[in-house]
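The next block holds one structure in the form of structure tokens; read it before the comments.
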Amino acid sequence: STTSAAVVSSGINAEYGGGPEFTTLPSETPQPVVEEAPAEPSEPPKKPTWVYSLFGCFDMDIKLLGLTMCCPCITFGANAELLGEDWMLYCLFCMLPGPMCYFGPYIRQKIRTTFEIEGSDEEDVLTYLLCPCLAIIQETQQLKSAGMKPGGEAMNRA
Numbered sequence: 004s005t006t007s008a009a010v011v012s013s014g015i016n017a018e019y020g021g022g023p024e025f026t027t028l029p030s031e032t033p034q035p036v037v038e039e040a041p042a043e044p045s046e047p048p049k050k051p052t053w054v055y056s057l058f059g060c061f062d063m064d065i066k067l068l069g070l071t072m073c074c075p076c077i078t079f080g081a082n083a084e085l086l087g088e089d090w091m092l093y094c095l096f097c098m099l100p101g102p103m104c105y106f107g108p109y110i111r112q113k114i115r116t117t118f119e120i121e122g123s124d125e126e127d128v129l130t131y132l133l134c135p136c137l138a139i140i141q142e143t144q145q146l147k148s149a150g151m152k153p154g155g156e157a158m159n160r161a
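Using this note's numbering, the first residue of the sequence shown is number 4, and each one after it goes up by one.
Printed below as a string of structure tokens:
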């Protein structure tokens, strides 16, 4: 077959007045390039954490720290309102220790769900039992970092 290819090519060259002469066919055919699919990650991506740590309240606005330490019900109510809850009702819940053990972790869990923050209901309850004011400040900072302004409608009512 190699000779027939050479004969044909020389016949073409003679008929059309010259040009390159092909005497052999390529012995190897090009192989298609196969791209490897990227490997799937072995573990799922980690969920985000809080913007500020629980004790990060000391690195922030001193007015928020003072307001929350002196009257946490105002800050707690404002946070609840940003999440679609009634400001006055949550402000009253904050004044009573019993309901606060339920509604504090509820609001915290709602923030965790909204921002897809890792954590658990048990951690939320422990945080509110051990340091409720720091939890409220941390939640306020999280909401502020997302562009939400705590106290919008609630503070304008007065």
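Idealized CB from N, CA, C, for every residue including glycine. If you're wondering where the values come from, they're calculated on a predicted model, not measured in any experiment.
To the nearest whole angstrom, what separates the beta carbons of residue i and residue j, a pair I think is in contact under 8 Å?
i, j, result
"residue 89", "residue 108", "Not really, about 18 Å apart at Cβ, beyond 8 Å."
"residue 97", "residue 132", "That belief does not hold up - the Cβ atoms of residue 97 and residue 132 are roughly 14 Å apart, past 8 Å."
"residue 52", "residue 121", "6 Å"
"residue 95", "residue 114", "That belief does not hold up - the Cβ atoms of residue 95 and residue 114 are roughly 20 Å apart, past 8 Å."
Using only the alpha-carbon positions, how far apart do residue i and residue j sit?
i, j, result
"residue 144", "residue 54", "7 Å"
"residue 92", "residue 142", "18 Å"
"residue 57", "residue 135", "10 Å"
"residue 130", "residue 138", "6 Å"
"residue 111", "residue 123", "10 Å"
"residue 151", "residue 81", "11 Å"
"residue 75", "residue 140", "9 Å"
"residue 48", "residue 59", "25 Å"
"residue 149", "residue 69", "22 Å"
"residue 65", "residue 83", "21 Å"
"residue 73", "residue 63", "16 Å"
"residue 101", "residue 79", "15 Å"
"residue 77", "residue 106", "14 Å"
"residue 99", "residue 147", "26 Å"
"residue 117", "residue 61", "25 Å"
"residue 125", "residue 50", "17 Å"
In this structure, does DSSP put residue i in helix, strand or coil?
i, result
"residue 99", "coil"
"residue 58", "coil"
"residue 158", "Below a pLDDT of 50, predicted positions are generally treated as unreliable, and residue 158, at 49, falls in that range; the measurement from the model is reported next regardless. Helix at residue 158."
"residue 143", "helix"
"residue 67", "helix"
"residue 2", "The structure shown does not extend to residue 2, since the chain is modelled only from 4 to 161, so the question has no answer here."
"residue 7", "In this prediction, residue 7 has a pLDDT of 49, which is less than 50 and means its spatial position is unreliable; what the coordinates show is noted afterwards. Helix."
**OP:** Could you pull out every unbroken alpha helix (DSSP H) segment of at least 4 residues lying fully inside the segment 72-135, listed in chain order?
**Re:** Counting whole runs of 4 or more residues, the segment 72-135 contains the alpha helix (DSSP H) stretches 75-85, 90-98, 100-118, 124-133.
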